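Report on one structure; see the data block that follows.
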Amino acid sequence: MTPEDIQHEIRAIKQALQRAQFSLANERVEHLLSTSLSEQQRLEVHYLAAVTHRMAKQYDEAFRHIDVLLSLSPDYGRAYQELAYCHEAKGNRKEASSAFFKATHFNPALISSWKKLLSIYQRHSDATAVQMATKQIAHLQSLPAPVLGAYDLMYEKQFAAAEQVCRQFLTKHKHHPEAMMLLAEIGMQLKVYSDAEFLLESCVELYPDNEKAALAYQNVLSKLGKFPEAVQVARQRLEHNPTSFSIKTSLAHALVGVGQLDEAIAVYHDVLAENPDRPKVWVSLGHALKAKGDTPDAVSAYEKAIDYASDYGDAYWSLANTKTYKFSDALLAQMSEQLNSNAIKLEDKIHVCFALGKGLEDRGEASKAFNYYQQGNSLKRSTLQFDIARTEEALNAQQRAFSSEDFNKVEGCQAPDPIFIVGLPRAGSTLLEQILASHSKVDGTMELHDILGIASSLSHQKTPYPLNVNALDGETLEKLGARYIEQTRAYRQGAPLFIDKMPNNFIHIGLIKKILPNAKIIDARRNPMDCCFSGFKQLFGEGQEFSYSLSDIGRYYKAYEKLMDHWHAVLPGEILTVQHEEVLDDLEGQVKRILDFCGLDFEEACLAFHQTKRVIKTPSSEQVRQPIYKTGMGQWKPFDNYLADLKQALGGNTSVTNN
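Sequential numbering of the sequence shown, starting at 1, is according to the numbering used here.
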């Protein structure tokens, strides 16, 4: 069937439901399910099947389709709403309440579920919950119908349709604040960050008293890694509302982003002194302490979060993510208990799965550990709209866009300041950063978003990025390079050189060398099996969407290798490949090689890198505060029996390679 035929059938099913023609609707549903459907179409048809059977009071069949829905998309709000209606019809009040709550959690635009929850809260005399639900219902009812509809579409991940509805509304109501914020949020979901930033900046200028717009603007600045600007916005908000809990915590988050950890930690302590029962704030405090190097205090903060909320998955994962914490029998049992609870939220379940995997791996129970890693990755991937083929095409586009004739040392900003460390996550880049940051002439910063931001700003022109980069004139290239140097100044401490350790910048090496021809680029490599499996075990805060499938991560590694081969071919001598295993085997030799590439004299401090005190925000923070050790090598081997998909994707390339 063509897409048009499928849409025609879906409309016919909806019409049959409106006329209570349940048998006809079910016939059309079964016919569609026997055809080839896209993932989104299959979701919609199973949803309509569940509605059909519920309205026909065929609840067992409705439950069956809902089970399929939630296996395909465990964060599908309308599926939980349908589940709640079925439980309600069967008199399962507790299960209905839980399902209505999950429906509103995943899709806050579902007024019907909010109204059901309000009745439940009123029945239980829960004044706080009644107030919250009443406020949300009033807010939703105040929205223009198209805006509410666009919210609903966005929460159900129909981003293109949501964007179309929102833009149509804004053509008639040009500066409607809620529509502007919604369009920005859709842009964030679609990773069109520069458009989202512009929309929210405009909204704040037009409506300076709109606290929701100010918060959204600050959030997008943080997402873009523009933490200095986020700090400024937070301080301005705090002047108008000095007692706000949420503004204080958002200020602390932005302060962590710029590395002002002492002030951030003080703000978190101030908030917790008045609101000690806030597990998210305890975890945020733990992150700040961990970045500073105060691991024991960070662990205490994470454990405090668990004391206040035993179902808060991020606290368990944060403990595991120190990489040095060993779970007690009691905590492992507590995590297992939480995982088996029907009330556990999806996000918490994902976090607990990864934490249990790490805890059991530390005990040598590879089979059980892999089951939890697999479950966590599968759940996480089901919440994403990631297609490895699209990513492979994006990397291929970089190869098509740049040839050796496109580069020279004349155009662009001539500043020699940046040293880019690129590669895949978990490839040893934090160790290289720590070594270099121990040099007196090099500032360590963090994973800066600025190159990604510049690439994003070039992505929505008539000729798309990266194909448009070579059309930029010399003045534009110089301005973009100077913009990068200026934007990153806030993260530096005064040394002549600084490190930008954003792994994904390997994609944008062509852009980097066009706007910053004197930048140094170091490619961090690690044994493919170690690198990929380490990524598979890691629950990333954001991004790295390729890492939640063994097949995807293997294909991504191959695409990365292919692109790096291209960069080496078109930029000979401009990129230094550093193999992690060689650093472990010959630290001094590799350190001298790296320093020579960067034009730096040898300093002993680079060998004693673990003694360097600095902010480190990556998962490897505790590992690089220790002397060199080799226990990370071959960690995939106990899991060998489970890694066939990874090996197949790597195409037999499971050994160390060099350029």
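Idealized CB from N, CA, C, for every residue including glycine. The structure displayed is predicted, hence computed values, not measured ones.
Check your understanding: Which residue comes first and which comes last in the alpha helix (DSSP H) that contains I344?
Key -> The residue labelled residue 344 in the question sits at position 344 within the sequence shown. Unbroken run through I344: none, as it is neither H nor E.
Check your understanding: Below 8 angstroms, can you find three or more Cβ-Cβ pairs linking the segment 315-322 to the segment 352-367?
Key -> yes
Point to revise | Segment contact flag, the segment 129-148 with the segment 169-180, C-beta cutoff 8 angstroms, min 3 pairs | key: yes
Point to revise | Reduced DSSP secondary structure (H/G/I, E/B, other) of D195 | key: Mapped onto the sequence shown, residue 195 falls at position 195. If DSSP states are grouped into helix, strand and coil, D195 belongs with the helices.
**Study point:** Secondary structure, beta strand (DSSP E): runs of 3+ residues fully inside the segment 528-580
**Key:** 575-579
Point to revise | Under the three-state DSSP convention, the category G376 falls into | key: The residue you call residue 376 lines up with position 376 of the sequence shown. Reduced to three states, the DSSP call for G376 is helix.
Exercise for review: Say whether chain C places a C-beta atom closer than 8 angstroms to the C-beta of L148.
Suggested key: Structure shown: chain C not included; a single protein chain is present.
Point to revise | Beta-carbon contacts of Q334 that lie in its chain and below 7 angstroms, excluding the five residues immediately before and after | key: For the purposes of this step, residue 334 is taken as the residue at position 334 of the sequence shown. These residues qualify, in order along the chain: S310.
Practice item. Quickly, what does DSSP pair V68 with across the bridge? List them, please. Key: Mapped onto the sequence shown, residue 68 falls at position 68. Note: V68 sits in no beta bridge, so no partner.
Exercise for review: Compute the beta-carbon to beta-carbon distance between L183 and E197, rounded to the nearest angstrom, for a pair I have assumed lies under 8 angstroms.
Suggested key: Position 183 of the sequence shown, counting from 1, holds the residue named residue 183. Position 197 of the sequence shown, counting from 1, holds the residue named residue 197. At roughly 12 angstroms, the Cβ-Cβ gap does not stay under 8 angstroms, so L183 and E197 are not in contact.
Practice item. Within its chain, find whatever has a CB closer than 8 angstroms to the CB of E588; leave out the 5 residues flanking it on each side and keep chain order. Key: Position 588 of the sequence shown, counting from 1, holds the residue named residue 588. Excluding positions up to five away in sequence, the list reads L607.
Check your understanding: When the Cα atoms are used, what is the spatial distance from A437 to I553?
Key -> Sequence index remark: in the sequence shown, residue 437 carries index 437 (1-based). Sequence index remark: in the sequence shown, residue 553 carries index 553 (1-based). Whole-angstrom Cα-Cα distance: 29 angstroms.
Point to revise | Closest by C-alpha distance to Q58, when choosing among C86, K514, N377 and Q414 | key: The residue you call residue 58 lines up with position 58 of the sequence shown. Among C86, K514, N377 and Q414, the Cα nearest to that of Q58 is on C86.
**Study point:** Residues near M154 by beta carbon distance below 6 angstroms, same chain, minus five either side
**Key:** As a position in the sequence shown, residue 154 is number 154, starting the count at 1. Cβ within range, chain order: A162 and I186.
Practice item. Only counting runs of 4 or more residues, tell me where the alpha helix (DSSP H) segments fall wholly within the segment 401-455, in order along the chain. Key: Whole alpha helix (DSSP H) segments, 4+ residues: 429-437.
Exercise for review: Have a look at S457 and A109 and give me their C-alpha separation to the nearest angstrom.
Suggested key: Walking along the sequence shown from the start, residue 457 turns up at place 457. Walking along the sequence shown from the start, residue 109 turns up at place 109. S457 and A109 have their C-alpha atoms spaced approximately 31 angstroms apart.
Point to revise | Own chain, CB closer than 7 angstroms to G77, minus 5 neighbours either side, in chain order | key: Stepping through the sequence shown from its first residue, residue 77 is reached at position 77. For G77, where only same-chain residues beyond five positions count, the Cβ hits under 7 angstroms are A103, F106, N107, L110, Y155 and E156.
Review point. Who are the near neighbours of D348 in its chain, counting only those whose CB is closer than 8 angstroms to its CB and skipping five residues on each side?
Key: Counted from its first residue, the sequence shown places residue 348 at position 348. Excluding sequence neighbours, D348 sits near D311, Y312, G313, D314 and Q338.
Point to revise | Inter-stretch contact (C-beta, 8 angstroms, three-pair minimum) for the segment 487-505 and the segment 392-406 | key: no
Practice item. Taking only the alpha-carbon atoms, compute the straight-line gap between I13 and F159 and give it to the nearest angstrom. Key: One-based indexing of the sequence shown puts residue 13 at position 13. One-based indexing of the sequence shown puts residue 159 at position 159. Near 23 angstroms, if we compare the C-alpha coordinates of F159 and I13.
Practice item. State the CB to CB distance for the pair L332 and L356, rounded to an integer number of angstroms; the pair is presumed to be in contact (CB under 8 angstroms). Key: Here residue 332 is taken as the residue at index 332 of the sequence shown, counted from 1. Here residue 356 is taken as the residue at index 356 of the sequence shown, counted from 1. That pair is a contact at about 7 angstroms.
Practice item. Report the option in D417, P503 and K513 whose CA atom is closest to the CA atom of Q493. Key: What you label residue 493 is simply residue 493 of the sequence shown in a count that begins at 1. The shortest C-alpha to C-alpha distance from Q493 to any of D417, P503 and K513 is the one to D417.
Exercise for review: Mind the definition here: the segment 565-576 touches the segment 511-531 only if three or more C-beta pairs lie below 8 angstroms; say whether that holds.
Suggested key: yes
Check your understanding: By DSSP, does R492 sit in helix, in strand, or in coil?
Key -> For this step, residue 492 is matched to residue 492 along the sequence shown. Three-state result, R492: coil.
Check your understanding: Nearest to L497 by alpha carbon, out of S440, Q189 and G286?
Key -> Here residue 497 corresponds to residue number 497 of the sequence shown, with the count starting at 1. Comparing Cα positions, the closest option is S440.
Exercise for review: Report the option in F602, I575 and F533 whose CA atom is closest to the CA atom of Y642.
Suggested key: In the sequence shown, residue 642 corresponds to position 642, counting from 1. The candidate whose alpha carbon is nearest that of Y642 is F533.
Point to revise | Opposing strand residues paired with I668 [DSSP bridges] | key: Outside the displayed span of the chain (1 to 659) sits residue 668, for which this structure offers no information.
Review point. So, are the CB atoms of D523 and V422 less than 8 angstroms apart?
Key: Working through the sequence shown from its first residue, we reach residue 523 at position 523. Working through the sequence shown from its first residue, we reach residue 422 at position 422. Going by C-beta atoms, D523 is nearer than 8 angstroms to V422.
Point to revise | Residue from S459, D450 and H139 whose Cα sits closest to the Cα of D500 | key: Numbered from its first residue, the sequence shown carries residue 500 at position 500. For the residues S459, D450 and H139, the minimum Cα distance to D500 belongs to D450.
**Study point:** CA nearest to the CA of L550, picked from A273, C531 and G453
**Key:** Taking the sequence shown and counting its residues from 1, the one referred to as residue 550 is at position 550. Looking at the Cα atoms, C531 is the closest of the given residues.
Practice item. Would you kindly check if the distance between the Cβ of I521 and the Cβ of F420 is under 8 angstroms? Key: Within the sequence shown, numbered from 1, the residue matching residue 420 stands at position 420. Within the sequence shown, numbered from 1, the residue matching residue 521 stands at position 521. Yes, the Cβ-Cβ distance between F420 and I521 is below 8 angstroms.
Review point. Which residues in the same chain have their Cβ closer than 8 angstroms to the Cβ of R167, if we skip the five residues on either side of it in sequence?
Key: The residue given as residue 167 occupies position 167 in the sequence shown. Taken in chain order, the residues that qualify are L183.
**Study point:** Runs of alpha helix (DSSP H) lying entirely within the segment 113-165, each at least 4 residues, in chain order
**Key:** For the alpha helix (DSSP H) assignment, the uninterrupted runs of no fewer than 4 residues enclosed by the segment 113-165 are, from N- to C-terminal side, 127-142 and 145-155.
Practice item. May I ask which residues mark the beginning and end of the beta strand (DSSP E) holding F602? Key: As a first step, residue 602 must be located in the sequence shown, where it is residue number 602. That residue, F602, is in no beta strand (DSSP E); it is neither H nor E in DSSP.
Exercise for review: Would you mind reading off the limits of the alpha helix (DSSP H) that contains D500?
Suggested key: Numbered from 1 along the sequence shown, position 500 holds the residue referred to as residue 500. Taken as a continuous stretch (DSSP letters only), D500 belongs to no alpha helix (DSSP H), being part of the beta strand (DSSP E) at L497 to D500.
Practice item. Excluding the 5 residues preceding and the 5 following L576 in the sequence, name in chain order all residues of the same chain whose CB lies nearer than 6 angstroms to its CB. Key: If you number the sequence shown from 1, residue 576 lands on position 576. Within the same chain, Cβ atoms closer than 6 angstroms to the Cβ of L576 are found at I522 and F597, the five residues on either side in sequence being excluded.
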